[in-house]
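*Asks:*
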Amino acid sequence: MGTHDHDHHGHHHDHDHDEQRWSEVELRVKALESLLVDKGLVDPAALDLLIETYETKVGPRNGAHVVAKAWSDPGFKARLLENASAAIAELGYIGRQGEDMVVLENTDRVRNMVVCTLCSCYPWPVLGLPPVWYKSAPYRARAVREPRAVLAEFGTAVTEDVEVRVWDSTAELRYLVLPQRPPGTEGMDEAALARLVTRDSMIGVGEPLRPGEA
Amino acid sequence: MTTAVDLDRLPAIPRDADGPVFREPWEAAAFAMAVRLHQGGLFTWTEWAETLAAEITRAQAAGDPDRGDTYYRHWLAALERLVKAKGAVSDAELHARRDAWDAAVRATPHGKPIVLQR
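Chains A and B, in that order, are what the protein sequence lines are. Going left to right, the first sequence walks through residues 11 to 224 as the working numbering numbers them. Going left to right, the second sequence walks through residues 154 to 271 as the working numbering numbers them.
This is how it looks when you write it as structure tokens:
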């Protein structure tokens, strides 16, 4: 693991004393990781694969695929709303923590928004890793207390006749919002539709892009 | 993303722009360790979520503004706490190994691979 470490930590090089330093938190991570590897509790290759998967392969793209398919395939949409875990598994996206997925459909009357008030439970298999703001205390607290104000800050105006429902994720239950299909997308295929689906629209704080914005 | 324009108006909610969610490599390492240890059966995901939530609550009580940027620090502290509670790694082992890495890093000239002397 030596050369790998150096690439990541070269910026701590001290030019005056020609001595490298790692930050305290880097030392703690490396201490824990190397002990776990020595004890056979984690496999370093598996760690690297997991990081690569979440950083580059998952992202919100899996979720965008799910949403685009629901927009273009009524049968899939019905299955998705009935049993989201099973429908999402049809596309090959399987939860790693054994959590159940629930898909929440936005309509003209109801708007759904997802939060985890305790920490940051998040549907990783479909959305990748959570954004920094999702993990922040202000979002976690305010999403419940004043969801309309938070939505407005995200640029999403919700009129008074629309009900806003806030869903609190748990370790066992994760939510994915199915946003409304944007107008002007008639005739677009699934791949083109998927490019309109943003991460924020699947958390429920934003809208999908319009054709031409993608 | 359409979010960039709102960044300056939002002191309360730190935003990103669909970019990488790990800001530094150690954050990714800490994330991956927890997931793999869970998959290996050391703890349930519910145990993990509870430990992490408790750590965040503790940090907030100690004055952390908790804007998301300190999230993986809490993640790491929770992970250390849980692996010690499970008896997988002891506090003494963690300290000794931390000191060994510190010494190894300092003793390694820039540009050379860092290795632990054992």
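Note that beta-carbon positions come from the ideal geometry of N, C-alpha and C, so glycine has one too.
#1: Out of A253(B), H248(B), G240(B) and L235(B), state which residue places its alpha-carbon closest to the alpha-carbon of E200(B).
#2: List the residues of chain A that L235(B) touches, going by C-beta distances under 7 Å, in chain order.
#3: Can you list, in chain order, the residues of the segment 28-48 of chain A whose Cβ is nearer than 7 Å to any Cβ on chain B?
#4: Which residues in chain A sit within 7 Å of D222(B), going by Cβ to Cβ distance?
#5: So V120(A) and Y185(A) are in contact, right, with Cβ under 8 Å, and what is the actual spacing, rounded?
#6: Does A74(A) have its Cβ less than 9 Å from a Cβ in chain B?
#7: Using a Cβ cut-off of 8 Å, which residues of the segment 184-207 of chain B contact any Cβ in chain A, in chain order?
#8: Let me make sure I understand the geometry here. Which of I213(A), R38(A), R158(A) and P70(A) has the alpha-carbon closest to that of D244(B)?
#9: Give the single residue among R31(A), G214(A) and A74(A) whose Cα lies nearest to the Cα of W254(B).
#10: Establish whether the CB of A214(B) and some CB of chain A are separated by less than 9 Å.
#11: Alpha helix (DSSP H) containing N72(A): first to last residue?
#12: Taking all protein chains shown into account, do 16 or more other C-beta atoms lie within 10 angstroms of the C-beta of P70(A), making it buried, or fewer, making it exposed?
#13: Under 7 Å, CB to CB, which of the residues in the segment 50-61 of chain A have a partner in chain B?
#14: For E233(B), does the three-state DSSP call read helix, strand or coil?
#15: Out of curiosity, what's the CA-to-CA distance linking V207(A) and R89(A)?
#16: Closer than 7 Å by beta-carbon distance: list the chain A residues that pair up with R250(B), in chain order.
#17: Is DSSP giving W143(A) helix, strand or coil here?
#18: According to DSSP, is L183(A) part of a helix, a strand, or is it coil?
*Replies:* Taking the coordinates as given:
#1: L235(B)
#2: None at all; the shortest Cβ gap to chain A is about 11 Å.
#3: Contact annotation: in the segment 28-48 of chain A, residues whose CB is within less than 7 Å of a CB in chain B are D28, E29, Q30, R31, W32, V35, E36, L37, R38, V39, K40, A41, L42, E43, S44, L45 and L46.
#4: Correct list: V142.
#5: Their Cβ separation, rounded to whole angstroms, is 14 Å, which puts V120(A) and Y185(A) out of contact at 8 Å.
#6: no
#7: F184, A185, M186, V188, R189, L190, H191, Q192, G193, L195, W198, T199, W201, A202, E203, L205 and A206
#8: Looking at the Cα atoms, R38(A) is the closest of the given residues.
#9: R31(A)
#10: Cβ-Cβ to chain A under 9 Å: no for A214(B).
#11: Unbroken alpha helix (DSSP H) run through N72(A): R71 to S82.
#12: Here P70(A) is buried: its Cβ has 16 or more other Cβ atoms, across all protein chains shown, within 10 Å.
#13: L51, V52, A56, L57, L60 and I61
#14: helix
#15: Note on geometry: alpha-carbon atoms of V207(A) and R89(A) lie some 20 Å from one another.
#16: A41, S44 and L45
#17: helix
#18: Secondary structure at L183(A): strand, using DSSP grouped into helix, strand and coil.
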